[in-house]
Amino acid sequence: MQCNRCGTLLPPGAPNCPRCGIPTPYNTLPPATAYGQPPYVQPPQPALYGQPAMGPVMVPQQQRRSGGRTGLIVVLVILLMCVCLGTLAGGGVLITRHNADATVSSMNDDATSTAQNATYTTMLTPTPYPPYTESNPPLGATFYEAAQQVIPSAQLASTVDNQHRPTELQSTFRGGQTIYLVYKWAQGNTGYVQTRWYFNGEMKHTLISKFVSRYATGYGYMSTGFYSYGNTGQGAVEVFWYQDAGCNHGGLAWVRPFSVTAS
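For what it's worth, the working numbering labels the leading residue of the sequence shown as 1, then goes sequentially.
Have a look at this one:
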C-alpha cells in the first residue's frame with residue numbers, strides 16, 4: 001500500500017505515513033470496491049474470426065444466335081413505328097405542351113406546400129438553450145488530452161448491467177427517468193471522476209467519485225434524475241478527470257448532450 005500524498009510504501013497496518021505523517025486509514029482497513037466504481041477484473045480476451053467461405057462460381061452459357069428471321073422482324077417494326085409517328089405528328093406538339101404546363105403547375109404547388117411545412121416545423125421545434133453539443137462545453141472549458149487518455153470513453157444510457165457497462169444507450173430521456181453517465185477507466189491511472197450536470201442553461205449539481213486506484217479497470221457510472229424540475233428541455237453533462245479530490249490538477253475529458261421530454 002502506498003501513501004496517497006507522497007507515494008511512500010506503507011508498512012502493513014501503519015496508521016500514518018512514516019515520511020510525510022499524513023493519516024493513512026486506508027492502510028488499516030481491507031480494500032473494498034465502492035458501488036459504481038470500476039471493479040478489479042481482467043480485460044476480456046479478443047475473439048477470433050474465420051474467413052468467409054468461397055461459393056461456387058456459375059459460368060453463364062452463351063446463347064445461340066437466331067437466324068435471319070430476327071433481322072426481318074426488326075425491319076418491319078421500324079417501318080410500323082415510322083407510320084405511327086407520321087400520323088400523330090400534328091397532335092404531338094399540343095399534347096407535349098399541355099403535359100409540360102401541368103408539370104410546372106404541379107412543381108409550383110409542391111414548392112408552396114414544402115415552404116409552408118418547413119415554416120410549421122420550425123415553429124414546433126424548440127431551440128436548445130443553450131445549444132449543447134459534444135464539442136461545445138457549457139462553460140467554454142478546453143478539452144484536456146490527458147483526461148481523455150485516463151477516461152477513454154463516456155456514454156449516456158438508461159440502464160447498466162452488474163459490471164457497470166451500459167446496456168441501452170440513448171440521449172433522449174423522459175421526465176423522471178434515471179440518466180446514467182457511464183465512463184471507462186484506463187488501468188494504471190489514479191484520481192477522481194467528476195461530472196457537472198446542466199439543464200436549460202443552468203448547472204444543477206456536480207458529482208465526484210471516490211478515489212480510483214491504478215489497479216482499477218473497466219467501467220464506472222454516475223446517475224441522476226430530473227424529478228423535481230418539472231419541465232422539459234436540453235441538458236448536458238461534462239466529464240472531468242482530476243488527480244486530487246480538490247479538483248486542482250486535471251481537466252475536461254468529454255461533453256455529452258441530452259434532452260428531457262414529457263413523461
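All C-beta atoms, glycine included, are put in the ideal place defined by N, C-alpha and C. Predicted model, so just to flag it, every value in this text is computed and none were measured.
Distance from residue 222 to residue 195 at the Cβ level is roughly 5 Å; contact confirmed, criterion being Cβ atoms closer than 8 Å.
Under a 10 Å Cβ-count criterion, residue 3 is classified as buried, with 16 or more other Cβ atoms of the shown protein chains found around its own Cβ.
Separation of the CB atoms of residue 184 and residue 153 is rounded to 5 Å, and the pair is thereby assigned contact status at 8 Å. Excluding five sequence positions before and after residue 15, the CB atoms of its chain that fall closer than 8 Å to its own CB belong to 23, 24, 25, 27, 28, given in chain order. When the five nearest sequence neighbours on each side are left out, the beta carbons in the same chain lying within less than 7 Å of the beta carbon of residue 10 are those of 1, 2, 3, 17, 24, 27, in order along the chain. When the five nearest sequence neighbours on each side are left out, the beta carbons in the same chain lying within less than 6 Å of the beta carbon of residue 161 are those of 167, in order along the chain.
In this structure, residue 243 sits away from residue 251, with a CB-CB distance that is not shorter than 8 Å.
When beta bridges are read from the DSSP output, residue 222 appears opposite 181. A residue is called buried once 16 or more other Cβ atoms fall within 10 Å of its Cβ, and residue 234 is buried on that count. Residues 176, 177, 178, 179 of the same chain have their beta carbon placed closer than 7 Å to that of residue 225, with the five preceding and five following residues left out of the count.
With contacts defined by Cβ atoms closer than 8 Å, residue 133 and residue 261 do not form a contacting pair. Residue 202 carries a strand assignment under DSSP once its states are collapsed to helix, strand and coil. Per DSSP, reduced to three states, the secondary structure at residue 78 is helical. For residue 141, there is no enclosing alpha helix (DSSP H), as DSSP gives it neither H nor E.
About 7 Å separates the Cβ atoms of residue 169 and residue 156, confirming a contact at the 8 Å cut-off. The beta carbon of residue 188 lies closer than 6 Å to those of 214 in the same chain, with the five residues before and after it left out.
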